[in-house]
Amino acid sequence: CISFYQVNTGQAPTLLKKFERTTFNHLFWSPMGQFIVLANLGLTGGALEFLDTNDFTIMNVS
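All the letters of the sequence shown, read from the start, carry residue numbers 13 to 74 under this note's numbering.
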């Protein structure tokens, strides 16, 4: 499972989104922080999912 949290100083982390059924084994963050690529790299030939973490929409799947 993959979970995203919001962390604020002096407060407990807040769960924003949780993806229960995932087969991804690599995560690649954008240097600017808004976008992430979820990747399944290995013997399956690879799969990529591009995610916008502002609203957790899947932008593209490859």
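We put the beta carbon where it would ideally sit given N, CA and C, even for glycine.
Going by DSSP, what residues sit across from Thr26 in a beta bridge? Assignment of beta-bridge partners to Thr26 by DSSP yields Gln18.
Counterpart residues of Leu9 in DSSP-defined beta bridges: Outside the displayed range of the chain (13 to 74) lies residue 9, so it cannot be described from this structure.
Based on the DSSP output, what are the partners of Glu32 in its beta bridges? DSSP lists no partner for Glu32.
Kindly indicate which residue of Glu61, Asp67, Gly45 and Pro25 has the alpha-carbon position closest to the one of Asn37. Looking at the Cα atoms, Glu61 is the closest of the given residues.
What is the DSSP secondary structure of Asp67, reduced to helix, strand or coil? Here DSSP, grouped into helix, strand and coil, assigns Asp67 to coil.
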